[in-house]
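In the working numbering, the protein residues as written are 819 to 1095.
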Ligand code: ADP
Ligand code: MG
């Protein structure tokens, strides 16, 4: 059986009757590291912000790359998602304002899986933490660590949708099956409504046959679930975080920024911001 049979279709998120979006929580997941989860979380968040949406990005990776890429140092952060998940600190208290609002990570977060593992409701700590702020944001985007452990499970349990960035090199379909199996388990046990919103080909190099073949293979297996937008390989994505900024700010008129604006358009599918009081 092809993989497509095992997957859900992406929700057609046009809009509600007023043409407005409701707050949505989207996790960016792939247990493989270096596939552009963090890059995508940040730049898509900033692309939404450019369209006047209120956006919160949650850094759920103990490595704190998202936090760093907004110019903050996870080693000197005093209060982080660790305190929110493990000590029940209100998330408002750890949100820092940068290009977008960021619920920051710190190295402590590495201990969160262990600390959570003996707690009742351990898979729902993030879902619970987000409740009080869900109505305040149009989008809450969650960056996850490169594993399918308890932090990622918390992200998938708290989310409406999942976007899976996939590197167009060394494509691992087996890894994607494993991720889909985890999603099925989450649906059965924790969050029946979480959907695979789409698969995003990243680090695409149109000059190589290898990249094109990787996208063809994704299309064959996942059909319409593969976003039309391809994120090309360029050094801009590595340069921007060094400056503590998104690529949309770092090189606003460049093609790297445009790629994430295109993705935003594709994800928004015509939705417009809510009227904020
Ligand atoms: P992950 O969060 O999945 O581990 P990252 O977003 O941190 O992946 O990306 C891994 C590395 O690749 C980073 O150094 C990032 O700057 C770089 N990178 C991300 N997207 C691209 C791209 N499209 N082209 C080239 N380099 C990229
Ligand atoms: Mg990352």
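Cβ atoms here follow ideal geometry from the backbone N, Cα and C, with glycine treated the same way.
Burial is judged here by how many other beta carbons sit within 10 angstroms of a residue's own beta carbon; residue 1010 has fewer than 16 and is exposed. With a cut-off of 7 angstroms, the C-beta of residue 857 is classified as near the ligand ADP, since at least one heavy atom of the ligand falls inside that distance. The DSSP-derived three-state label of residue 1013 is strand.
Counting along the chain, the unbroken beta strand (DSSP E) around residue 843 starts and ends at 842–846.
Taking 8 angstroms as the cut-off, the beta carbon of residue 1017 is found no closer than this to the beta carbon of residue 995. With respect to residue 989, residue 849 sits apart: the two C-beta atoms are not nearer than 8 angstroms. Per DSSP, the continuous beta strand (DSSP E) segment holding residue 959 begins and ends at 957–961. Following the DSSP letters along the chain, one finds residue 971 inside the alpha helix (DSSP H) bounded by residues 968–976. Taking the Cα positions, residue 1028 is about 15 angstroms away from residue 991.
Three or more Cβ pairs drawn from the region 869–889 and the region 950–958 lie within less than 8 angstroms of each other, which places the two stretches in contact. Residue state for residue 979 is assigned as strand, using DSSP reduced to three classes. At least one heavy atom of the ligand ADP is found less than 7 angstroms from the C-beta of residue 854. According to the DSSP assignment, residue 875 belongs to the beta strand (DSSP E) that extends over 873–877. Under the 10 Å beta carbon count, residue 1079 is surrounded by 16 or more other beta carbons and is classified as buried.
In this structure, residue 945 sits near residue 975, with a CB-CB distance shorter than 8 angstroms.
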